[in-house]
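Below is one structure, written out as C-alpha cells; comments come after it.
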Ligand SMILES: Nc1ncnc2c1ncn2[C@@H]1O[C@H](COP(=O)(O)OP(=O)(O)OP(=O)(O)O)[C@@H](O)[C@H]1O
Ligand SMILES: [Mg+2]
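In our numbering, the protein residues as written are 101 to 389.
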C-alpha cells in the first residue's frame, strides 16, 4: 500500500496541498527565485547536517518554503526531519530524474514550526552505489530532477562526508556551496580540498556555482588551538569567505538533534545563540543570491 504523507496545517501560503505525494511546502514561493545550496565537507562529523537543519530552521521561522535534499547514504537529515514511511527516495530520483519520480519522493517534514514549511527528498542507503566516480564527464541527474520543481524558496542539499560522485551531483545542482569545518588541523586540510572541488565543478559542469562561505563549527572560545585554526583559515581564505560569526560548541545543537526539533525551538541561551547565528547566515545567503 502506498505510504500516506501527512500534511500539517497552516503552511506559509493558504494553499494546503493534501493530495498524496505533494507536500505542504510546494506552494508558490514568497521571495521569487531562491538559491540551491550544497553543504559539503570532505571530513565526517564536522556539522554538515547540523548546518543544513539550522538553516532550514531559520528559513521556516522566516516563512520560507524549504526543500532539504538528503544526499548522504547515512540519512541523518532524513531521519531527523521525517518519520513518514517512504516508498520513493532520492535513490529513485537519481535512477530516474523525472518530474513524476521527484514529486513522488517529496515528503512532508515533522517539524511544527510555522509559518514556513520544510519538505525532504529522503535518502536511502542504496544511494551509495551512485557515489563511485569513474573520472568520466558528470551528467548531472539531481540537477535535472530538481529543475522539475517549482515553488520552493530555498533548497538545501546535505552531502556525504566525501567529495565523491554524490557531492559532485549536489554541486552540479547548486548555486552556492557552503564548506563546513571544525577548527582543527585535519579540518583545515579538508577545507582546501573542498574549495578546490567547488572550483573544479564550477569550471567543468556548473558555471553558476559560487562558494558562499566557510562555516567554522564547534568552536571553543577558550581553546588556543581553535583560535589558531580560525586565524589560519581567515589568513588563507580571507575574512569575507569565513561566515561570521563562527558557530560555538553548544549542547543545544545536540538537544535539537536528540529531540527532533528545529534549533529555534530550543529555548536555552545556547539555543537562542545558535538560532541567531543561523538567522544571520540565512540573511547573508539571501543577500548573495
Ligand atoms: N556547534 C555544535 N555544538 C555541539 N555539538 C555539535 C555542533 N555541531 C554539531 N554538533 C554535533 O556533532 C555531531 C556531528 O554533527 P553532524 O551530524 O551535523 O555532522 P556531519 O558533518 O553531518 O556528520 P557526517 O559526516 O557523519 O554526515 C552531531 O551529534 C551534532 O549534534
Ligand atoms: Mg551529516
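Built from N, CA and C at the ideal position, the CB exists for glycine as well.
Any non-hydrogen atom of ligand 2 closer than 7 Å to residue 176 Cβ: Yes, the beta carbon of residue 176 sits closer than 7 Å to at least one heavy atom of ligand 2.
Counted within 10 angstroms of its Cβ, other Cβ atoms place residue 328 as buried (16 or more) or exposed: Exposed.
Strand pairing of residue 310, partner residues [DSSP]: Per DSSP, 276.
C-beta atoms of residue 273 and residue 259 nearer than 8 Å: For the pair residue 273 and residue 259, the CB atoms are not nearer than the 8 Å cut-off.
Shell residues, 6 Å Cβ cut-off relative to heavy atoms of ligand 1: Qualifying residues come out as 141, 144, 145, 146, 147, 148, 149, 150, 172, 174, 176, 261, 317, 318, 347, 349, 350, 353, 354, 357.
Proximity below 8 Å, CB of residue 225 to CB of residue 175: The answer is yes: Cβ separation under 8 Å.
Residue 335 CB to nearest heavy atom of ligand 2 below 7 Å: For ligand 2, no non-hydrogen atom lies closer than 7 Å to the CB of residue 335.
Under 8 Å between C-beta atoms of residue 142 and residue 262: Yes; because the gap between Cβ atoms is below 8 Å, this pair is in contact.
6 Å CB neighbourhood of residue 182 in its chain, flanking five on each side removed: Cβ neighbours of residue 182 beyond the five flanking positions: 207, 209, 210, 220.
Whole-Å CB distance - residue 349 paired with residue 319, under 8 Å assumed: Confirmed, about 7 Å.
Cβ neighbour criterion (16 or more within 10 Å) applied to residue 216: Buried is the call here.
Three CB pairs or more closer than 8 Å across the region 291–311 and the region 359–375: Contact fails: fewer than three Cβ-Cβ distances are below 8 Å.
Contact test: residue 258 Cβ vs ligand 2 heavy atom, cutoff 7 Å: In this structure, ligand 2 has a non-hydrogen atom nearer than 7 Å to the beta-carbon of residue 258.
Unbroken stretches of the alpha helix (DSSP H), 4 residues or longer, contained in the region 300–372: DSSP runs (the alpha helix (DSSP H)) wholly in the region 300–372: 324–337, 351–359.
Own chain, CB closer than 8 Å to residue 346, minus 5 neighbours either side, in chain order: Excluding positions up to five away in sequence, the list reads 283, 315, 316, 317, 319, 330.
DSSP bridge partner residues for residue 185 (one or two, in chain order): Answer is none; residue 185 lacks a bridge partner.
N- and C-terminal bounds of the beta strand (DSSP E) containing residue 254: Where residue 254 is concerned, the enclosing beta strand (DSSP E) starts and stops at 254–258.
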